[in-house]
Every structure is written in C-alpha cells, then in structure tokens.
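Below: the structure, in structure tokens.
Printed below as a string of structure tokens:
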C-alpha cells in the first residue's frame, strides 16, 4: 500500500512540475520567434515596396504607351 501512495505522490509531483517545464520550453521557443517576427515585418515591408514599385511601373508604361 505504501508503494501505491508513493507512486501517486510521484505522479502528483510530476503534474505539479509540468507548468515549470512547459514555461521553460515556451521561453526557449519564444526568443527565436521574436527575431523571426521582426524578420517577417521587414520582409513584408519590402514586399509592399516592391508591389508599389510594380504598380507605378505598370502605370507609367500604360500612360506613356498611349502617346
């Protein structure tokens, strides 16, 4: 009977320790994601500028193509 009590105590201790382990995993994953987020923001800004440049180029070709 004592072994069962010890077994359940170990299980409860493991469950109580899970949030700490999960938080350390999340903290480990969060730092690369933060730098990735900044990279994605810069990439989206550059893609937006490329899109605007393409629109201006198409407009200029259309405008000067009519003459």
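Residue numbers (the UniProt record's numbering): 1 to 67. By construction, the Cβ of each residue, glycine as well, lies at the ideal position given by its N, Cα and C atoms.
Item checked: Helix, strand or coil at residue 21 according to DSSP, with G and I counted as helix -> helix
Checklist line | Sequence-distant residues of the same chain with beta carbon closer than 8 angstroms to residue 63, five excluded per side | finding: none
Item checked: Neighbourhood of residue 12 by C-beta distance below 8 angstroms, restricted to the same chain and skipping five residues each side -> none
Item checked: C-alpha gap between residue 29 and residue 4, whole angstroms -> 37 angstroms
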